[in-house]
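Taking it in order: structure first as structure tokens, then the write-up.
Residue numbers (the working numbering): 665 to 1032.
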């Protein structure tokens, strides 16, 4: 093997290492503890907002009273409200529509043996100032569940995640299969009182490792309805550039957190700011954190590229961060993808890894 080939191989190995490190940097995000939730929410299991993160509505896990709690962004308890006609078998999630109505998911199903899943509708919560309120009720069953419980291979009927979108509640299953398949199933239920039988409308594999790191514990959709996120204990799965409610047909970024804990709730406060709630300790043995997470830097490249491409005629590529900025078209000699194909320097560069030549030197870059 001649020196040229060896040198070329070394360069490509170095490039791959750079790619791995750079990609991990892009997709690893720090969740920051904003404050500790009140003692009343040690077993917090869901979170939502109707005022863009100025305050939040939360509830506790199974075994608690049928109450919801409003806290501000500093974890100060503002009020609690009893849902007087609601059972609390296993409340696992809470969401809201654009009109300020709340939906509480009583659909936790650890053993995969429930037949009485319910969602409670609390209408116009901000118009009620009392300590108690009644709710409307949605009842539903899974058309694809034939055994209660099914065998271990088919235990994918637990539920902890849903959100409202276009007058529909979108539910995402918590996978308890053994061996773990990694699938989460999406179900759709009309966001109005009634009894329904639901079928899976779509599915995605979050991952096939340890189930505790890949099962889905909550979900949220962004204010502009163009991003959707699924939560797990040490990561989240972000979907974007989708059409309608075909969330899994869009693009995906997996976001690794800087630690693992029993994260149970997630909500967008704004388009790029999220709030995450957790259960405190083992079954609420300690106070629970309320975290913040920013995803702004994951989308800086896309937004800046779209804006600056229109403004700057000499803009060819904008890369994430500050490693590569604007490249002037007249100074670019060649752009080559990893297949060795030379690309037209005036065409739109899709996300990927490339080599370009400028001033008779070769450089690698990543456009994400």
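We put the beta carbon where it would ideally sit given N, CA and C, even for glycine.
A quick note: this is a predicted structure, and the numbers were derived from the prediction, not measured.
Excluding its 5 nearest sequence neighbours in each direction, residue 756 has C-beta neighbours in its own chain below 7 Å: 709, 710, 769, 771, 772, 823, 824, listed in chain order. With respect to the 7 Å criterion, residue 712 and residue 760 are classified as neighbours on the basis of their beta carbons. The C-beta separation of residue 920 from residue 864 comes to about 27 Å, leaving the pair out of contact by the 8 Å criterion.
Look at residue 714 here: in three-state DSSP terms it is coil, with no helix or strand label. At a Cβ-Cβ threshold of 7 Å, residue 818 and residue 837 do not count as neighbours. Of 767, 861, 928, the smallest CA-CA separation from residue 895 is found for 928. Within the segment 754 to 828, the complete beta strand (DSSP E) segments at least 3 residues long are 755 to 760, 766 to 770, 782 to 786, 800 to 806, listed from N- to C-terminus.
The beta carbon of residue 811 is closer than 8 Å to those of 818 in its chain, skipping five residues each way along the sequence. Within the DSSP secondary-structure output, residue 695 pairs in no beta bridge. By alpha-carbon distance to residue 802, the top candidate from 861, 845, 733, 943 is 861.
When the Cα atoms are used, residue 955 and residue 699 turn out to be separated by approximately 7 Å.
Three or more Cβ pairs drawn from the segment 728 to 736 and the segment 744 to 756 lie within less than 8 Å of each other, which places the two stretches in contact.
In the displayed model, residue 876 falls within a helix according to three-state DSSP. Each residue's CA atom was taken as its position, placing residue 815 and residue 842 some 9 Å apart. The beta carbons of residue 739 and residue 766 sit no closer together than 7 Å. Rounded to the nearest angstrom, the Cβ distance from residue 887 to residue 826 is 17 Å, too far for a contact under 8 Å.
At a Cβ-Cβ threshold of 7 Å, residue 905 and residue 877 do not count as neighbours. Residue 874 holds the alpha-carbon nearest to the alpha-carbon of residue 845 among 857, 874, 930, 723.
Setting aside the 5 residues that flank it on each side, residue 705 is surrounded in the same chain by 722, 724, 733, 952, each with a C-beta closer than 7 Å to its C-beta; the list follows chain order. In terms of Cβ geometry, residue 793 and residue 749 do not form a close pair [threshold 7 Å]. Residue 916: member of the beta strand (DSSP E) spanning 915 to 920, first to last residue.
Annotated as distal: residue 851 and residue 839, with beta-carbon spacing of 7 Å or more. In the DSSP assignment, residue 883 falls within the unbroken beta strand (DSSP E) covering 882 to 885. Judged by beta-carbon spacing, residue 925 lies within the 7 Å limit of residue 942, meaning their Cβ atoms are closer than that value. Here DSSP, grouped into helix, strand and coil, assigns residue 960 to helix. Sequence-distant Cβ neighbours of residue 751 in its own chain, meaning closer than 8 Å and more than five residues away, are 730, 770, 782. For the segment 828 to 867, the continuous beta strand (DSSP E) assignments of 3+ residues that do not extend past its boundaries occur at 832 to 838, 847 to 854, 858 to 862, in sequence order. The C-beta distance from residue 821 to residue 763 rounds to 30 Å, too long to fall under 8 Å, and the pair is not in contact. Assignment of residue 751 by DSSP, reduced to helix, strand and coil, places it in the coil class. As computed with DSSP, residue 952 is found in no beta bridge at all.
Excluding sequence positions up to five before and after residue 907, its CB lies within less than 8 Å of the CB of 913, 914, all in the same chain and listed in chain order. As a beta-bridge residue in DSSP terms, residue 723 pairs with 710, 732.
By the CB criterion at 7 Å, residue 885 and residue 963 fall outside the cutoff. Around the beta carbon of residue 944, 16 or more other beta carbons sit within 10 angstroms, so the residue counts as buried. In this structure, residue 870 places its C-beta atom within 7 Å of the C-beta atom of residue 901. Between residue 960 and residue 936, the C-beta gap is smaller than 7 Å, which places the two residues in contact.
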